[in-house]
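Colleague:
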Amino acid sequence: MSWLYSKALGMSLLLHTVILIFLLYSPSHTAKNYTIKKPIKPVSTEVIKTVAISSETIESAINKIKADKQRKQQQELAKSNRLKALAEQARKQRILEQQKLNKIKRNQKKALSKQRALLAKQQKEQALIEKNKQKLKRLKARLAKEEAEERKRIAKLKAEQAKQLEAKRLEEEKRKQEAQHQAELKKRQQQQLVDAEVDRYKALIIRAISQNWILPPGVDQSLSCQFKLSLEPSGEVKKVELIKSSGDPVLDRSAQTAIYHASPLPVPTTPAAFNVFKVVSLTVRPERET
Amino acid sequence: MNIIKIFQVTIMLILTMIYSPLYAVDLEVTHGQNKALPIALVPFDGDNNLGLSKTIKKDLSRTGSFKFIKYDSNEKPHNALQTNFNYWRQSGANYLIIGNIEQQGSQLSVHVQLLDPVAKAHILLSKEYKISKDQSRALAHHISNMIYQQLTGNKGIFSTRLAYIDVERTQKHKPKYKLVISDYDGTNPQTLLVSTQPIMSPSWSPDGQYIAYVSFENKKAEIYVVDVSTGRRNRLTSFPGINGAPSWSPDGRQLVVVLSKSGSPNLYLIDLNSRKLTQLTRGMSINTEPKFTADGKAITFTSNRGGSPQIYQLNLSNHAIKRLTFDGNYNASAHMTPKQKKLVILHRRSKSFSIAVQDLKSGSVTPISFSKQDESPSVSPNGKMVVYATKVNGKGRLRISTLDGKVNFKLPPSYGDMQEPAWSPYA
Numbered sequence: 158m159s160w161l162y163s164k165a166l167g168m169s170l171l172l173h174t175v176i177l178i179f180l181l182y183s184p185s186h187t188a189k190n191y192t193i194k195k196p197i198k199p200v201s202t203e204v205i206k207t208v209a210i211s212s213e214t215i216e217s218a219i220n221k222i223k224a225d226k227q228r229k230q231q232q233e234l235a236k237s238n239r240l241k242a243l244a245e246q247a248r249k250q251r252i253l254e255q256q257k258l259n260k261i262k263r264n265q266k267k268a269l270s271k272q273r274a275l276l277a278k279q280q281k282e283q284a285l286i287e288k289n290k291q292k293l294k295r296l297k298a299r300l301a302k303e304e305a306e307e308r309k310r311i312a313k314l315k316a317e318q319a320k321q322l323e324a325k326r327l328e329e330e331k332r333k334q335e336a337q338h339q340a341e342l343k344k345r346q347q348q349q350l351v352d353a354e355v356d357r358y359k360a361l362i363i364r365a366i367s368q369n370w371i372l373p374p375g376v377d378q379s380l381s382c383q384f385k386l387s388l389e390p391s392g393e394v395k396k397v398e399l400i401k402s403s404g405d406p407v408l409d410r411s412a413q414t415a416i417y418h419a420s421p422l423p424v425p426t427t428p429a430a431f432n433v434f435k436v437v438s439l440t441v442r443p444e445r446e447t
Numbered sequence: 103m104n105i106i107k108i109f110q111v112t113i114m115l116i117l118t119m120i121y122s123p124l125y126a127v128d129l130e131v132t133h134g135q136n137k138a139l140p141i142a143l144v145p146f147d148g149d150n151n152l153g154l155s156k157t158i159k160k161d162l163s164r165t166g167s168f169k170f171i172k173y174d175s176n177e178k179p180h181n182a183l184q185t186n187f188n189y190w191r192q193s194g195a196n197y198l199i200i201g202n203i204e205q206q207g208s209q210l211s212v213h214v215q216l217l218d219p220v221a222k223a224h225i226l227l228s229k230e231y232k233i234s235k236d237q238s239r240a241l242a243h244h245i246s247n248m249i250y251q252q253l254t255g256n257k258g259i260f261s262t263r264l265a266y267i268d269v270e271r272t273q274k275h276k277p278k279y280k281l282v283i284s285d286y287d288g289t290n291p292q293t294l295l296v297s298t299q300p301i302m303s304p305s306w307s308p309d310g311q312y313i314a315y316v317s318f319e320n321k322k323a324e325i326y327v328v329d330v331s332t333g334r335r336n337r338l339t340s341f342p343g344i345n346g347a348p349s350w351s352p353d354g355r356q357l358v359v360v361l362s363k364s365g366s367p368n369l370y371l372i373d374l375n376s377r378k379l380t381q382l383t384r385g386m387s388i389n390t391e392p393k394f395t396a397d398g399k400a401i402t403f404t405s406n407r408g409g410s411p412q413i414y415q416l417n418l419s420n421h422a423i424k425r426l427t428f429d430g431n432y433n434a435s436a437h438m439t440p441k442q443k444k445l446v447i448l449h450r451r452s453k454s455f456s457i458a459v460q461d462l463k464s465g466s467v468t469p470i471s472f473s474k475q476d477e478s479p480s481v482s483p484n485g486k487m488v489v490y491a492t493k494v495n496g497k498g499r500l501r502i503s504t505l506d507g508k509v510n511f512k513l514p515p516s517y518g519d520m521q522e523p524a525w526s527p528y529a
């Protein structure tokens with residue numbers, strides 16, 4: 158858009174400049190007038206002097222004067238004519254000049270008006286553009302405002318919705334937690350029962366194996382071995398796996414024998430508690446020297 | 103160094119991770135029963151008058167580590183195939199020894215098996231031997247060693263021997279001094295040397311090839327070394343005064359002896375190649391009964407330097423001496439166990455002399471013999487037993503006790519006085 162304005166503005170500026178130059182270098186009116194006025198000044202003062210002179214002479218003088226007068230008249234006339242012609246020429250010239258000037262003025266005026274019209278038009282257009290621009294700006298502002306408001310509204314709506322959802326969720330969670338808590342409490346109570354049973358049977362199993370474990374004489378107390386026991390619900394030792402040897406086969410075997418001898422091991426009767434004992438890790442570590 | 107350490111730690115961590123899967127129940131047993139291992143021995147088929155299974159049973163019972171259980175006489179398996187494992191699992195025996203012997207003239211074919219009826223791996227040992235009849239006792243000891251090692255993890259001493267002095271005194275003749283070698287249980291005694299003059303202080307070389315001893319055959323104390331297999335002898339020392347109590351270094355290159363050539367009895371090292379002497383102790387007190395520790399780095403000995411006889415230890419690297427015994431006013435004849443954790447001593451308590459075991463860590467002293475006139479303890483090479491001399495009706499007799507004192511048995515008596523037993527090395 159702006160390049161358009163700048164083009165128009167440039168054009169107008171150019172035009173103005175051209176006009177200004179034109180005006181400055183065209184010949185001045187006053188100077189012309191002065192040259193025209195000059196030849197009008199010298200006319201008749203000779204008539205008074207002739208009155209006091211003789212007849213003959215007067216005659217001759219008169220003749221002479223008459224001739225002179227005539228010549229003078231003729232001269233005068235010629236001069237006058239010449240002057241007249243000059244004047245006429247000057248007048249004509251003046252008219253011409255005037256005409257020319259008028260024409261120039263007219264042209265100037267015309268160009269000026271044309272220029273003005275163009276300028277006005279341009280201004281008008283400019284104004285229109287400006288107006289449109291403003292309009293657009295306003296529109297935009299309004300739109301932005303509306304949009305912002307809309308957004309705000311949506312955000313508010315969303316926030317409200319989220320709030321509602323959160324509240325709902327919280328409520329849900331609370332309910333869930335409550336339920337879970339209740340379930341856990343119940344489970345814990347059950348677990349406590351199971352744990353108590355498990356602990357009791359752990360001790361019983363350790364005792365059963367200890368009673369069957371014959372310490373190898375002089376066994377190294379820094380040693381230990383680990384077994385994996387698989388138990389039947391009856392307590393029967395289904396499988397004994399040595400998963401970590403002590404390095405002393407006698408110690409390993411003494412422990413393994415103790416496990417087999419202790420079979421069936423005491424195990425809980427409730428399935429929940431027994432499940433814990435399906436696979437058991439047993440570490441055998443001699444602490445007392447023989 | 104650091105990289106190795108990091109590597110080791112990493113390996114340990116990995117191993118720990120591998121070996122410690124998570125189990126619902128993680129049990130730990132730390133207390134066991136301090137009792138003899140229940141086992142059963144079914145007399146070998148064909149062993150009617152050879153006594154092989156009997157010897158094995160006797161060997162094993164004498165360690166105190168086993169208890170032979172009674173079993174149903176209808177159950178007499180002689181090989182694993184015949185064995186009713188269900189019965190033996192219930193029998194209370196943790197292990198079962200069975201075997202059979204086939205005789206072909208003077209040749210024996212012996213098959214022996216050690217079974218584990220409790221665990222799944224039933225056959226622990228299965229061996230077959232072809233021997234002549236007169237080797238049956240030696241084979242029985244050999245089998246005992248194998249079973250003992252299998253079941254306890256310790257080396258058995260059933261094929262080792264004893265050397266001792268046997269003095270025969272009769273009213274008609276001069277006394278006869280004999281250097282005798284027998285099986286560990288006193289059977290099969292063989293006289294290696296006989297002298298009309300006293301023989302004392304036999305000491306085995308670490309390879310079991312030689313015995314150093316003191317002889318008075320030249321009317322004075324001298325130290326000799328005798329080759330056990332040939333009986334060939336070599337005189338080692340003949341200094342003025344006492345030449346006594348020889349004891350071999352574990353590498354067999356040196357002997358520590360007691361010499362009184364410079365006045366009072368002191369300890370000297372003799373290099374067997376160069377015969378070079380090195381004096382170890384000085385001073386006016388009595389220093390005697392030296393014995394190398396198993397690592398060869400020190401010598402224990404008896405000295406009255408503190409007023410009463412006590413056991414001291416001499417560090418061979420710097421000759422520093424420290425006192426080991428403090429319980430009572432008479433401790434002598436020390437013999438350290440191979441693991442150097444216990445010191446077997448002759449210990450006087452009130453008026454009786456008994457064999458006692460001192461724990462070197464705690465210093466506690468436990469008597470293991472109670473006949474009031476015991477002496478000369480010698481520890482078995484596995485450190486589990488001690489043979490010592492005692493008096494029965496005024497006559498020298500030998501007895502063996504386990505180091506825990508639980509088993510104590512006498513060795514077959516000779517006609518004479520049995521003295522100064524020395525337990526041989528394994529070889």
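Read top to bottom, the protein sequences are chains A and B.
Residues 158 to 447 (the numbering used here) make up the first sequence, in order.
Residues 103 to 529 (the numbering used here) make up the second sequence, in order.
The beta carbon of each residue, even a glycine, is placed where N, CA and C say it ideally should be.
1) According to DSSP, Phe394/B sits in a beta bridge with which residue or residues?
2) Please report the Cβ distance between Val488/B and Pro479/B, rounded to the nearest whole angstrom; I am assuming they are in contact, meaning their Cβ atoms lie under 8 Å.
3) Can a CB atom of chain A be found closer than 8 Å to the CB of Val467/B?
4) I'd like to know if Asp161/B contacts chain A, where contact means its C-beta is closer than 8 Å to some C-beta of that chain.
5) Between Pro423/A and chain B, is any beta-carbon pair separated by less than 8 Å?
6) Taking only beta carbons into account, state which residues of the region 412-441 of chain A come closer than 9 Å to chain B, listed in chain order.
7) Using Cβ-Cβ distances below 7 Å, what residues of the region 125-158 of chain B are close to chain A?
8) Give the secondary structure of Thr112/B by DSSP, where H, G and I count as helix, E and B as strand, and everything else as coil.
9) Indicate whether at least one CB of chain B lies closer than 8 Å to the CB of Lys313/A.
10) Closest Cβ-Cβ distance between Leu399/A and chain B: below 8 Å?
11) May I have the straight-line CA-CA distance separating Ser159/A from Lys288/A, to the nearest angstrom?
12) What is the DSSP secondary structure of Arg450/B, counted as helix, strand or coil?
13) With a 10 Å radius around its C-beta and 16 neighbouring C-beta atoms as the bar for buried, classify Gln413/A as buried or exposed.
14) Is any beta-carbon of chain B found at less than 8 Å from that of Pro390/A?
15) Thinking just about the alpha-carbon of each residue, which of Phe168/B, Asn181/B, Val220/B, Gln192/B is nearest to the one in Asp174/B?
16) Hey, Leu462/B and Leu445/B: beta-carbon distance below 8 Å or not?
17) According to DSSP, which residues form a beta bridge with Glu254/A?
18) Would you tell me roughly how many angstroms separate the C-alpha atoms of Val127/B and Lys229/B, rounded to the nearest one?
19) Show which residues of chain A have a CB atom less than 7 Å away from the CB atom of Val220/B.
20) Find the residues of chain A that neighbour Thr254/B, judging by a C-beta separation of less than 9 Å, and give them in chain order.
21) Output needed in chain order: residues of the region 181-195 of chain B with a Cβ under 7 Å from some Cβ in chain A.
22) Which partner residues of Trp306/B appear in the DSSP bridge assignment?
23) Based on the DSSP output, what are the partners of Ser228/B in its beta bridges?
24) Got a sec: which bits of the region 341-371 of chain A sit with their beta carbon under 8 Å from any beta carbon on chain B, in order along the chain?
25) Taking 7 Å as the limit between beta carbons, can you name the residues of its chain near Glu319/B, skipping five residues before and five after?
26) Please work out which residues of its chain come closer than 7 Å, Cβ to Cβ, to Pro406/B, disregarding the five sequence neighbours upstream and downstream, and give them in chain order.
27) Under 8 Å between beta-carbons, which chain A residues line up against Ser167/B? List them in chain order, please.
28) Could you tell me the distance, in whole angstroms, from the CA atom of Gln475/B to the CA atom of Leu386/A?
29) Starting from Glu323/A, find everything on chain B with Cβ-Cβ shorter than 7 Å and list it in chain order.
30) Measure from the C-beta of Glu317/A to each C-beta in chain B and report whether the shortest distance is under 8 Å.
31) Along the chain, where does the beta strand (DSSP E) containing Arg335/B start, and where does it finish?
32) Is Glu393/A close to chain B, meaning its C-beta is less than 8 Å from at least one C-beta of that chain?
Modeller: On the basis of the data shown:
1) Ile401/B
2) 5 Å
3) no
4) no
5) no
6) Ala412, Gln413, Thr414, Ala415, Ile416, Tyr417, His418, Asn432, Val433, Phe434, Lys435, Val436, Val437, Ser438, Leu439, Thr440, Val441
7) Tyr125, Ala126, Val127, Asp128, Leu129, Glu130, Val131, Thr132, His133, Gly134, Gln135, Asn136, Lys137, Leu139
8) helix
9) no
10) no
11) Annotation note: pLDDT 49 at Ser159/A (below 50); position unreliable, coordinate value reported separately. Answer to the nearest angstrom: the Cα atoms are 14 Å apart.
12) strand
13) buried
14) no
15) Gln192/B
16) yes
17) Its beta-bridge partners do not exist; DSSP assigns none.
18) 41 Å
19) Thr414, Tyr417, His418
20) Pro373, Pro374, Gly375, Val407
21) none
22) Ile313/B
23) Gln215/B
24) Val355, Lys359, Ile362, Ile363, Ile366, Ser367, Gln368, Asn369, Trp370, Ile371
25) Ser297, Gln299
26) According to the sequence provided, residue 406/B is Asn. The question's Pro does not apply to it. Only Ser387, Ile388 meet the Cβ criterion.
27) Pro374
28) 54 Å
29) Neighbours of Glu323/A on chain B: none; closest Cβ ~39 Å, over 7 Å.
30) no
31) 335-339
32) no
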